[in-house]
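Engineer: So that we are looking at the same thing, I have put the structure below in structure tokens.
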Amino acid sequence: MDTAKVRELDAAHYMHPFTDTKALGEKGARVMVRGEGIYLWDSEGNKILDGMSGLWCVNVGYGRSSIADAVHKQMTTLPFYNSFFNTTNVPAVQLAAKLVEIAPPGFNHVFYTNSGSEANDTNVRMVRRYWDLKGQPQRHVIISRHNAYHGSTMAGASLGGMSGMHEQGGLPIPGIVHIGQPNYLDDGAGMSEHDFGLKAASWLEEQIHEVGADKVAAFIGEPIQGAGGVVIPPASYWPEIQRICDKYGVLLIADEVICGFGRLGRWFASELFGMKPDLITFAKGVTSGYVPLGGVLVGDRVADVLIGQGGEFNHGFTYSGHPVACAAALENIRIIEEEGLVRRVAEQTGPYLKRRFATLGDHPLVGVAESCGFVAGLNLVRRKGATIHDSERFDENLAVGMICRAHMFDNGMIMRAVGDRMIIAPPLIMTEAQIDEMVALIRSCLDKTLADLQQRGWI
Ligand code: PXG
Numbered sequence: 140m141d142t143a144k145v146r147e148l149d150a151a152h153y154m155h156p157f158t159d160t161k162a163l164g165e166k167g168a169r170v171m172v173r174g175e176g177i178y179l180w181d182s183e184g185n186k187i188l189d190g191m192s193g194l195w196c197v198n199v200g201y202g203r204s205s206i207a208d209a210v211h212k213q214m215t216t217l218p219f220y221n222s223f224f225n226t227t228n229v230p231a232v233q234l235a236a237k238l239v240e241i242a243p244p245g246f247n248h249v250f251y252t253n254s255g256s257e258a259n260d261t262n263v264r265m266v267r268r269y270w271d272l273k274g275q276p277q278r279h280v281i282i283s284r285h286n287a288y289h290g291s292t293m294a295g296a297s298l299g300g301m302s303g304m305h306e307q308g309g310l311p312i313p314g315i316v317h318i319g320q321p322n323y324l325d326d327g328a329g330m331s332e333h334d335f336g337l338k339a340a341s342w343l344e345e346q347i348h349e350v351g352a353d354k355v356a357a358f359i360g361e362p363i364q365g366a367g368g369v370v371i372p373p374a375s376y377w378p379e380i381q382r383i384c385d386k387y388g389v390l391l392i393a394d395e396v397i398c399g400f401g402r403l404g405r406w407f408a409s410e411l412f413g414m415k416p417d418l419i420t421f422a423k424g425v426t427s428g429y430v431p432l433g434g435v436l437v438g439d440r441v442a443d444v445l446i447g448q449g450g451e452f453n454h455g456f457t458y459s460g461h462p463v464a465c466a467a468a469l470e471n472i473r474i475i476e477e478e479g480l481v482r483r484v485a486e487q488t489g490p491y492l493k494r495r496f497a498t499l500g501d502h503p504l505v506g507v508a509e510s511c512g513f514v515a516g517l518n519l520v521r522r523k524g525a526t527i528h529d530s531e532r533f534d535e536n537l538a539v540g541m542i543c544r545a546h547m548f549d550n551g552m553i554m555r556a557v558g559d560r561m562i563i564a565p566p567l568i569m570t571e572a573q574i575d576e577m578v579a580l581i582r583s584c585l586d587k588t589l590a591d592l593q594q595r596g597w598i
């Protein structure tokens, strides 16, 4: 099928996620046709460096034929059977055991879903069921954060703190409230990072008092907010959140859909930030996106009650524990282990990316450039000050981030824009030479963006 035909049918029939489908139809979508390693090719033959790992998920890179082989073998052996009626399947069991092995201590159970959204819906049902069984049914409120992303189902979008999502469809659903995010770059002017981290954590305690400590079931957070713009919290934040959760007996849910599976140099980023979660949401990197799979790692505190005294938990999906998805995950995890990708990000390529990405901070458009493991973000500013808080930002209506994103894309680099923050989450297989290539490409696209903005008279 030629590109024009694909675009025509796309515009006619395909309603894209998070997209103004009419506007896209008029412009024509870019058609991706192939991936290999850290690169993608579109239907017009353009080679593109994928700085976003698909959508924060292709951790082992594209073109892994061993995952295809594992999927093929499972499909020709047992393509599907459910886990509902006293039955199980081998890949689902093997994967559960493997996930428990790589999880932090105190996690011995896995509940499977098909996506991160469904996993967070599962969390809502699990924590409420937990408190019912504990004889505290009034303890149903879940606290989350503004600008968090926890999915697009009714509960996922409600847990998330995206105002644009809440506006459409009457969200959040009852029993979910939000506090501020630990965004030092945007909100920490005049404070040290340390003090700001403690202040942002104190909003949780305030909210617990407002709701009533006896009504709060859980707090949910991404260790680093991804879709919100790679919001890296001050080091003081998570330990203080943990202390507050412990003080009030509030369950902690770590949404590791982006941060898990090596992205921050640990199997799970909770370990990096001093979090001791009771539940861990996973998806994306568990299969490197080759096949959809998500789930919840259930810590012993919750599992002991749900399994120990709960009887039947009336929740599950047709494809919970899908054998093909679990086979893909097993092979994906085997690759991560064989190639030492978690350690490599922690000790070698992560620190290298940090050094190289930080060099972009000297670009006239860049207020700050920072990274953690294999996520990174830089802020575009109109005029640089001594610190990001003294820098002059662009009027947000100018949508400078989107202009920059277009220059990136047109020049073979995928970098996401969240407002005027440009972010990446590259495949974990990236070598030091490829990091150099990527940073050079980003710099040249920043130059093009600068020239463009000057020409528009915006600088
Ligand atoms: N939790 C987190 C932390 C996520 O990043 C989900 C849950 C939901 O997962 P599913 O598999 O249901 O999509 C996500 C997904 C973006 C973007 O614009 C990010 C996600 C999804 C769509 C867009 O960065 N993350």
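In our numbering, the protein residues as written are 140 to 598.
Each residue gets a CB set at the ideal place from its N, CA and C atoms; glycine is no exception.
The structure displayed is predicted, hence computed values, not measured ones.
Buried or exposed for ASP417, going by 16 or more other Cβ atoms inside 10 Å?
Structural biologist: What you label residue 417 is simply residue 278 of the sequence shown in a count that begins at 1. Buried, since its Cβ has 16 or more Cβ neighbours within 10 Å.
Engineer: Mind checking whether PRO462 and PRO230 have CB atoms under 8 Å apart?
Structural biologist: Translated into the one-based positions of the sequence shown, residue 462 becomes position 323. Translated into the one-based positions of the sequence shown, residue 230 becomes position 91. Against a cut-off of 8 Å, the Cβ pair of PRO230 and PRO462 comes out as a contact.
Engineer: Use the C-beta contact count for ASP159: other C-beta atoms within 10 angstroms, 16 or more gives buried, fewer gives exposed.
Structural biologist: Numbered from its first residue, the sequence shown carries residue 159 at position 20. Counting Cβ neighbours within 10 Å, ASP159 comes out exposed, since fewer than 16 surround it.
Engineer: Touch check for the stretch 166 to 175 and the stretch 198 to 212: three-plus C-beta pairs under 8 Å?
Structural biologist: Output reads yes: the stretch 198 to 212 touches the stretch 166 to 175.
Engineer: Helix or strand or just coil, what does DSSP make of MET541?
Structural biologist: On the sequence shown, position 402 is the one that residue 541 refers to. Looking at MET541 - three-state DSSP - the assignment turns out to be helix.
Engineer: Sorted by chain position, which residues of the same chain lie with C-beta nearer than 6 Å to THR142's C-beta, five sequence neighbours on each side aside?
Structural biologist: Locating residue 142 in the sequence shown gives position 3, counting from the first residue. Here the set comprises VAL170 and SER182.
Engineer: When you measure from the CB of HIS289 to every non-hydrogen atom of the ligand PXG, does any distance come out below 7 Å?
Structural biologist: Translated into the one-based positions of the sequence shown, residue 289 becomes position 150. Yes, since a heavy atom of the ligand PXG falls inside the 7 Å radius drawn around the Cβ of HIS289.
Engineer: Considering ILE282, what are the terminal residues of the alpha helix (DSSP H) in which it resides?
Structural biologist: The sequence position of residue 282 within the sequence shown is 143, counting from 1. Segment 280 to 284 is the beta strand (DSSP E) holding ILE282; no alpha helix (DSSP H) there.
Engineer: Measuring straight from C-alpha to C-alpha, what distance separates GLY303 and PRO311?
Structural biologist: Within the sequence shown, the letter at position 164 stands for residue 303. Within the sequence shown, the letter at position 172 stands for residue 311. Approximately 11 Å, taken between the alpha carbons.
Engineer: DSSP three-state call for MET552: helix, strand or coil?
Structural biologist: Within the sequence shown, residue 552 is the residue found at index 413, counting from 1. MET552 falls in the strand class under three-state DSSP.
Engineer: What are the uninterrupted segments assigned as alpha helix (DSSP H) that are 4 or more residues long and contained completely in the stretch 253 to 311, given in chain order?
Structural biologist: DSSP runs (the alpha helix (DSSP H)) wholly in the stretch 253 to 311: 255 to 272, 293 to 298 and 302 to 305.
Engineer: Are the beta-carbon atoms of ASN286 and GLY367 separated by less than 8 Å?
Structural biologist: The residue given as residue 286 occupies position 147 in the sequence shown. The residue given as residue 367 occupies position 228 in the sequence shown. For ASN286 and GLY367, yes; Cβs fall inside 8 Å.
Engineer: Using the rule of at least 16 other Cβ atoms within 10 Å of the residue's Cβ for burial, across every protein chain shown, is GLN346 buried or exposed?
Structural biologist: Here residue 346 refers to the residue found at position 207 of the sequence shown. Per the 10 Å Cβ criterion, buried.
Engineer: Compare the Cα-Cα distances from CYS543 to each of ILE581, ARG522 and VAL232 and report the closest residue.
Structural biologist: Start at 1 with the first residue of the sequence shown, and residue 543 comes out as number 404. Ranking ILE581, ARG522 and VAL232 by Cα distance to CYS543 puts ILE581 first.
Engineer: Here's the rule I'm using: 16 or more other beta-carbon atoms within 10 Å means buried, otherwise exposed. How should ALA340 be labelled?
Structural biologist: Taking the sequence shown and counting its residues from 1, the one referred to as residue 340 is at position 201. The residue in question, ALA340, is buried, as its Cβ has 16 or more Cβ neighbours within 10 Å.
Engineer: Given a cut-off of 8 Å on the beta-carbon distance, is the pair ILE359 and HIS289 in contact?
Structural biologist: In the sequence shown, the residue the question calls residue 359 occupies position 220. In the sequence shown, the residue the question calls residue 289 occupies position 150. The answer is yes: Cβ separation under 8 Å.
Engineer: First and last residue of the alpha helix (DSSP H) that includes VAL350?
Structural biologist: Translated into the one-based positions of the sequence shown, residue 350 becomes position 211. It spans 332 to 350 - the alpha helix (DSSP H) in which VAL350 sits, taken as one unbroken run.
Engineer: So who's on the other strand from GLY438, going by DSSP bridges?
Structural biologist: Reading the sequence shown from its first residue, position 299 is the one you call residue 438. Answer is PHE246, bridged to GLY438.
Engineer: Please report the residue range of the alpha helix (DSSP H) in which ARG473 lies.
Structural biologist: Taking the first residue of the sequence shown as position 1, residue 473 is located at position 334. Where ARG473 is concerned, the enclosing alpha helix (DSSP H) stretches over 462 to 477.
Engineer: What number of angstroms, rounded off, separates the C-alpha of LEU343 from the C-alpha of ILE318?
Structural biologist: Within the sequence shown, the letter at position 204 stands for residue 343. Within the sequence shown, the letter at position 179 stands for residue 318. Those two C-alpha atoms are separated by around 7 Å.
Engineer: Assuming THR261 and HIS454 are in contact, meaning their beta carbons sit under 8 Å apart, how far apart are those beta carbons, in whole angstroms?
Structural biologist: Along the sequence shown, read from residue 1 onward, the residue named residue 261 stands at position 122. Along the sequence shown, read from residue 1 onward, the residue named residue 454 stands at position 315. Indeed they touch by this definition, with Cβ atoms about 6 Å apart.
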